Structure formats: C-alpha cells, structure tokens
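Asker: One structure, pasted below without further comment.
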Amino acid sequence: MSVSAAGRSGGGRLKGVSLVVGGAVLSVLGLFVVATGTGLSGLLGMRVETFGRIDCQDTRTKKGQTVWHCFGETPAQQRANEAERKRAADAAWRVHVDGTPESARIGRTRILFADHDGRNDPGTITATQVFDGGRWFAHSSTVVGYGMIPLLLGAGPAAWGGYRMRGAGRRGR
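Residue numbers for the sequence shown follow my numbering, so the first one is 1012 and each next one is one higher.
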C-alpha cells in the first residue's frame, strides 16, 4: 500500500465520521422537535400542560391551518383568574366607600403553533414547555412537520458517512 492510498483511506474515514456525527446531531434535533409536536415530550421530562379559554386573535386563518400564537390559561391560571375577577367584582360594589378598585390581574400564557379550524378558537390546547420558563409549543402537525425536516436531512448524511467509513475501512486493509 502506498503512502497516498493510506492518506486517502484515513481522510475518507475522517469525512465519514464527521458526516455520521453531524447527521446524527441533526437527526436528534429533528427527533426532539417531533417529540415536542406529538406530545411524547412528557416522556423526556418536559412540562406538558393543557390550556383552556383559548384566544388566537387571528381572523385570517383558513381551515386546517396553524396559528403562530394564541393565548390560553392553565387550570391553575383559570382558578386564580376567577378569584381575581370575583375580587374585582366585590371591590366594585365598595367603590363608593373605598374609591376606584384596581383592575384585575389576569394571567395568560402565549402558545405557539396552535392548530385552528379557521372559524372558532379551539376549546383546549395541549402544549409543551421545552425549557423551564420558556415558550410553550402546541402539539400540532406543523411542529411535527418542522421536526421532520432536520430528522430526514440528518439521516442522509449519517448514512452516507457510514458508507464512506465502511469503504475507507475496506481500502485500508
């Protein structure tokens, strides 16, 4: 085996390893996004919550599309908001004695990529919070579709890298 043949097989193996590693990282990223979009993210330890009182504020959505952002309330937020609305209503009865009450503090959560029927806001949305204190991503077909892109784009280079490594290993013998 000549020196140039040994250099080529080592270079092929190195390129193959880099393709396998890069493709695997891209595929894992895609798998992570798919898990978020399908709701399997709860198995990975991420926080999954069902929201009610959904308000999407998007009138241009056609049937079956995804709304980029909606607002909803978790059951805990719904209880707190009801208590605050009741407190504000009770305070409004005492306005002539105590003065003007302060407005109710209503907490709502922003949810990204919610499926929408084009007419009515959904009754509930189940979403995943990827990082603690981060954004909420609805379990939707759009998120799954976005996750499939890096998943498939990573699988190709990983397979090609494996092929190159196998071929470089044969030439090195």
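We put the beta carbon where it would ideally sit given N, CA and C, even for glycine. Keep in mind the model is a prediction, meaning the values are calculated, not measured.
Count the other CB atoms within 10 Å of the CB of residue 1135; is the residue buried (16 or more) or exposed (fewer)?
Answerer: Classification of residue 1135: exposed, given that the 10 Å Cβ count is below 16.
Asker: Let's test the definition: count the other Cβ atoms within 10 Å of the Cβ of residue 1138 and tell me whether it reaches 16, buried, or not, exposed.
Answerer: With 16 or more other Cβ atoms within 10 Å, it is buried.
Asker: Is residue 1061 buried or exposed, if buried means 16 or more other CB atoms sit within 10 Å of its CB?
Answerer: Label assigned to residue 1061: exposed.
Asker: Give the secondary structure of residue 1153 by DSSP, where H, G and I count as helix, E and B as strand, and everything else as coil.
Answerer: Of the three classes helix, strand and coil, the one that applies to residue 1153 here is helix, per DSSP.
Asker: Just grab the DSSP bridge partners of residue 1147 for me.
Answerer: In the DSSP output, where bridge partners are listed per residue, residue 1147 has 1122, 1140.
Asker: Just to check my reading of the structure: residue 1084 and residue 1119 have Cβ atoms closer than 8 Å, yes? What is that Cβ distance to the nearest angstrom?
Answerer: Their Cβ separation, rounded to whole angstroms, is 6 Å, which keeps residue 1084 and residue 1119 in contact under 8 Å.
Asker: Taking residue 1066 as part of the alpha helix (DSSP H), name the residues at either end of that continuous run.
Answerer: Careful: residue 1066 lies outside any alpha helix (DSSP H), inside the beta strand (DSSP E) at 1058 to 1066.
Asker: Using only the alpha-carbon positions, how far apart do residue 1171 and residue 1035 sit?
Answerer: Their Cα atoms are separated by approximately 12 Å.
Asker: Who does residue 1173 pair with in a DSSP beta bridge?
Answerer: None, per the DSSP bridge assignment.
Asker: Given a cut-off of 8 Å on the beta-carbon distance, is the pair residue 1165 and residue 1055 in contact?
Answerer: No, Cβ-Cβ distance for residue 1165 and residue 1055 is not below 8 Å.
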